[in-house]
Amino acid sequence: MDVNRFYCTRMHTLQAPVSENPQDSDADLGDVDDPIEDPDYHPVREEVAGDSSFESLDEDDAPSTSTSFKKLPCKKRRKGKHTLKTVSLKEPEDTPGSSSPSGPHNGTRRIWKHEDIEEFQVTESRFETPVVVQPPFQYFKMFFTDEMIQHVAHHTNLYSAQELGDPIKTSPEEIEDFLSMLLFVGVFKFPSLEDYWHNESRFSVIADIMPRKRFQLLHRFYKIRPLFDMLRKQCLLIPSTYKHSVDEVMVGYKGTRAGSLRQYIANKPDKWGFKVFCRASSSGIIHDLLMYQGASTFFNVTLSEEEQMLPLGAKVVTTLCKTIQQPHLSVVFFDNFFTSFKLVQTLQTSLGVQCIGTVRPNRTGGAPLMTDKELIKRGRGSYDYRSAEGVIAVKWFDNKCVNLLSNASWIMHLSAVKRWCKVSKEKITVPCPSLIPAYNEHMGGIDLSDMLVHLYRTPAKSRRWYIPLFGYILDLSIANSWLDYKRDCGLLNEKAMPLKRFRLAVAHSLNQKHYTPRPSLPKPQPDVRYDRLGHWPLHCDKRGRCNYCPKGVSRWKCQKCNVFLDIRR
Numbered sequence: 001m002d003v004n005r006f007y008c009t010r011m012h013t014l015q016a017p018v019s020e021n022p023q024d025s026d027a028d029l030g031d032v033d034d035p036i037e038d039p040d041y042h043p044v045r046e047e048v049a050g051d052s053s054f055e056s057l058d059e060d061d062a063p064s065t066s067t068s069f070k071k072l073p074c075k076k077r078r079k080g081k082h083t084l085k086t087v088s089l090k091e092p093e094d095t096p097g098s099s100s101p102s103g104p105h106n107g108t109r110r111i112w113k114h115e116d117i118e119e120f121q122v123t124e125s126r127f128e129t130p131v132v133v134q135p136p137f138q139y140f141k142m143f144f145t146d147e148m149i150q151h152v153a154h155h156t157n158l159y160s161a162q163e164l165g166d167p168i169k170t171s172p173e174e175i176e177d178f179l180s181m182l183l184f185v186g187v188f189k190f191p192s193l194e195d196y197w198h199n200e201s202r203f204s205v206i207a208d209i210m211p212r213k214r215f216q217l218l219h220r221f222y223k224i225r226p227l228f229d230m231l232r233k234q235c236l237l238i239p240s241t242y243k244h245s246v247d248e249v250m251v252g253y254k255g256t257r258a259g260s261l262r263q264y265i266a267n268k269p270d271k272w273g274f275k276v277f278c279r280a281s282s283s284g285i286i287h288d289l290l291m292y293q294g295a296s297t298f299f300n301v302t303l304s305e306e307e308q309m310l311p312l313g314a315k316v317v318t319t320l321c322k323t324i325q326q327p328h329l330s331v332v333f334f335d336n337f338f339t340s341f342k343l344v345q346t347l348q349t350s351l352g353v354q355c356i357g358t359v360r361p362n363r364t365g366g367a368p369l370m371t372d373k374e375l376i377k378r379g380r381g382s383y384d385y386r387s388a389e390g391v392i393a394v395k396w397f398d399n400k401c402v403n404l405l406s407n408a409s410w411i412m413h414l415s416a417v418k419r420w421c422k423v424s425k426e427k428i429t430v431p432c433p434s435l436i437p438a439y440n441e442h443m444g445g446i447d448l449s450d451m452l453v454h455l456y457r458t459p460a461k462s463r464r465w466y467i468p469l470f471g472y473i474l475d476l477s478i479a480n481s482w483l484d485y486k487r488d489c490g491l492l493n494e495k496a497m498p499l500k501r502f503r504l505a506v507a508h509s510l511n512q513k514h515y516t517p518r519p520s521l522p523k524p525q526p527d528v529r530y531d532r533l534g535h536w537p538l539h540c541d542k543r544g545r546c547n548y549c550p551k552g553v554s555r556w557k558c559q560k561c562n563v564f565l566d567i568r569r
């Protein structure tokens with residue numbers, strides 16, 4: 001046999017495990033060594049069942065000196081640039097788990113144990129009892145302040161001067177009338193905005209405040225970002241409980257003028273719109289919010305170098321948790337969009353905040369939990385758990401398997417939930433770990449606020465993309481102020497008015513009634529006008545404007561239709 005041919009064949013065989021395709025890229029390392037590229041991803045049991053070793057990057061790069069090798073399982077390759085990345089493996093997050101030995105560059109190995117953690121005792125919230133319940137308008141002004149009204153008036157004049165060449169000369173008092181009309185429109189919904197002023201459907205509660213043309217002219221605003229900052233500043237002043245939740249809210253907008261600010265979330269009532277990240281207490285009061293603006297989302301936020309390296313969800317939670325007044329006594333709940341093992345550790349070490357959240361299977365930090373098939377065989381209500389470094393990972397099977405991470409709640413204190421059984425056609429009791437009911441109870445604060453906003457939402461159908469955001473600011477101010485008012489009523493054992501009455505009370509307080517409209521009666525229908533039944537003109541002491549010719553003024557009125565007629569015309 002030719003020696004050169006044998007040598008080339010032999011070298012090709014030894015180098016096959018490193019690169020089998022000349023178009024392999026650094027993305028291929030994500031398939032074989034995912035813990036290097038994604039710190040929160042670790043292989044499941046099925047991936048490492050055939051090979052107990054999990055080699056580091058340095059060991060994979062060096063060709064083997066043995067004459068035999070173990071063939072690796074075939075995996076789908078992704079095309080890209082033929083380059084290799086050198087990634088530091090010093091952080092504990094990058095180690096796979098208990099089934100993976102520590103490599104030459106790894107730090108201490110994370111050891112998962114089948115044991116529980118200590119439960120974090122949350123202090124019950126106590127609020128100062130007010131002397132008396134304030135009027136609804138005073139609660140509203142706690143969130144939508146006079147400074148915000150002056151800001152709207154100033155920038156409305158500025159924007160109108162830029163667009164029209166002459167300012168519309170509005171005032172804070174007129175802006176309050178405008179806000180009252182928006183609050184009324186959110187409760188009394190008509191098919192079209194012009195219907196509130198039309199003769200056949202005129203609604204005097206709104207039409208008597210301001211003419212239609214003036215209302216449409218004031219429907220221009222400028223610089224929404226300062227309004228969000230002002231509202232956020234007022235929300236931070238409201239006392240909160242020690243149990244918080246972080247989630248996103250969608251402000252509906254289907255236009256195309258907002259650019260990359262418009263987002264899409266399939267499982268939201270408003271699928272298209274602006275994304276706003278919020279932190280709320282379990283009562284539903286929003287205490288902090290952050291609007292998603294793409295690359296400039298954290299433009300005015302101070303983050304450390306370590307926090308800047310976090311993914312989007314972790315940075316959002318860290319930013320919103322920094323404003324918690326007493327973080328060492330607080331627990332934060334969030335869903336699997338935000339949760340990761342590294343985030344739970346970061347919040348505890350840097351802020352002292354405890355966490356409970358659902359998590360995706362590749363973000364558990366390498367917890368060797370049972371597979372979904374094994375839990376399903378055990379039946380509904382079965383669970384498995386592992387703990388490491390004060391964090392417990394739990395997998396629970398209900399209708400499907402759910403993964404959770406927590407450093408605030410233990411698991412041995414079992415609870416139960418009611419679920420519908422298709423076989424017995426009734427609700428049955430399903431056992432579950434104690435952190436499941438805690439998560440379900442305190443995670444719904446932001447959903448409650450979003451529901452209250454959608455009950456009487458300010459209509460914001462406009463080509464201008466910032467109009468829906470202003471409507472959300474107004475509706476959120478109403479929802480927060482009503483929840484604060486309701487809490488004070490509970491402390492004083494008084495009955496609270498419903499949200500609709502509260503909103504109408506604020507609208508009436510904002511309405512200054514500077515505009516006195518002329519009396520206008522609806523025109524009679526043709527079948528009434530020409531029925532020849534007593535339509536005789538009557539002479540009146542007061543003059544009125546003719547309902548059929550705008551310039552005509554007469555003292556004659558129809559006896560049956562009760563409308564003025566200019567008989568000279």
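Each residue of the sequence shown is one higher than the last, beginning at 1 in UniProt numbering.
Here a beta-carbon is modelled for each residue, glycine too, at the ideal position from N, C-alpha and C.
Computed from a predicted model, the values in this text were never measured in an experiment.
Spatially closest choice to residue i from the options, by CA coordinates
i           : options                        : result
Leu290      : Thr318, Ser281, Ala266         : Thr318
Gln234      : Ser125, Ile206, Phe143, Lys113 : Phe143
Leu183      : Lys486, Met497, Leu474, Tyr385 : Leu474
Lys342      : Gly352, Val353, Thr364         : Thr364
Thr339      : Gln121, Gly352, Thr323, Pro361 : Pro361
Gln150      : Tyr139, Glu176, Arg487         : Glu176
Tyr159      : Phe188, Leu455, His219, Phe120 : His219
Val185      : Gly471, Lys495, Met497         : Gly471
Cys421      : Ser387, Arg380, Val453, Ser406 : Arg380
Ala258      : Ala266, Val249, Phe274, Asn267 : Phe274
Ala367      : Arg386, Val353, Ser382         : Arg386
residue 616 : Glu426, Asn336, Cys321, Phe178 : Residue 616 cannot be examined here, being either before or after the span of the chain that is shown, 1 to 569.
His154      : Lys400, His198, Pro226, Gln134 : Pro226
Trp465      : Thr123, Ser260, Asp208         : Ser260
Ser350      : Arg232, His328, Phe334         : His328
Ser192      : Gly294, Leu179, Arg212, Thr297 : Arg212
His244      : Lys271, Arg279, Ile224         : Arg279
Ile478      : Asp335, Tyr139, Ala416         : Tyr139
Asp229      : Ser509, Lys495, Thr297, Trp272 : Thr297
Arg232      : Lys271, Thr145, Arg262, Tyr196 : Thr145
Arg487      : Leu303, Thr458, Arg262, Ile238 : Ile238
Ser281      : Ile446, Thr170, Gln512         : Ile446
Val417      : Val205, Ala408, Tyr439, Val423 : Tyr439
Val249      : His114, Ala266, Thr358         : Ala266
Tyr242      : Ser449, Ser125, Met181         : Ser125
Ser201      : Met210, Phe190, Val359         : Phe190
Presumed contact (8 Å Cβ cut-off) between residue i and residue j, rounded CB distance
i      : j      : result
Gly313 : Leu483 : Actually they do not touch by this definition, with Cβ atoms about 26 Å apart.
Gly390 : Ile117 : 6 Å
Asn480 : Ile286 : 6 Å
Val344 : Val246 : With 8 Å as the limit, Val344 and Val246 do not qualify as a contact, their Cβ atoms being about 13 Å apart.
Asp384 : Leu369 : 5 Å
Lys315 : Glu307 : 6 Å
Val430 : Arg419 : 5 Å
Arg463 : Gly255 : 6 Å
Gly252 : Pro468 : 6 Å
Val453 : Leu476 : 6 Å
Per DSSP, the bridge partner or partners of residue i
i      : result
Val423 : In the DSSP output, where bridge partners are listed per residue, Val423 has none listed.
Phe277 : Glu248, Leu290
Pro431 : Ala416
Cys355 : Val332
Tyr139 : Tyr139 is not bridged to any residue.
Trp272 : Tyr264
Lys243 : Val331
Lys113 : Ser387
Test: residue i CB closer than 8 Å to a CB of chain B
i      : result
Phe188 : Reference to chain B is not applicable here, since this structure consists of a single protein chain.
Limits of the unbroken alpha helix (DSSP H) element including residue i
i      : result
Val344 : 341–346
Tyr439 : 435–442
Ser406 : Ser406 -> not in any alpha helix (DSSP H); beta strand (DSSP E) instead, spanning 401–406.
Ile117 : Here Ile117 belongs to no alpha helix (DSSP H), and DSSP marks it neither H nor E.
Phe203 : Taken as a continuous stretch (DSSP letters only), Phe203 belongs to no alpha helix (DSSP H), as it is neither H nor E.
Glu174 : 172–187
Gln326 : Element bounds for Gln326: n/a, residue is neither H nor E.
Met230 : 224–235
Extent of the continuous beta strand (DSSP E) run through residue i
i      : result
Ser387 : 383–388
Trp396 : 391–397
Should the region 127–135 be called in touch with the region 484–492, which here means at least 3 C-beta pairs below 8 Å?
yes
The region 420–438 touching the region 392–408, judged by at least three CB pairs closer than 8 Å
yes
Are the region 155–172 and the region 493–506 touching by the rule of at least three beta carbon pairs closer than 8 Å?
no
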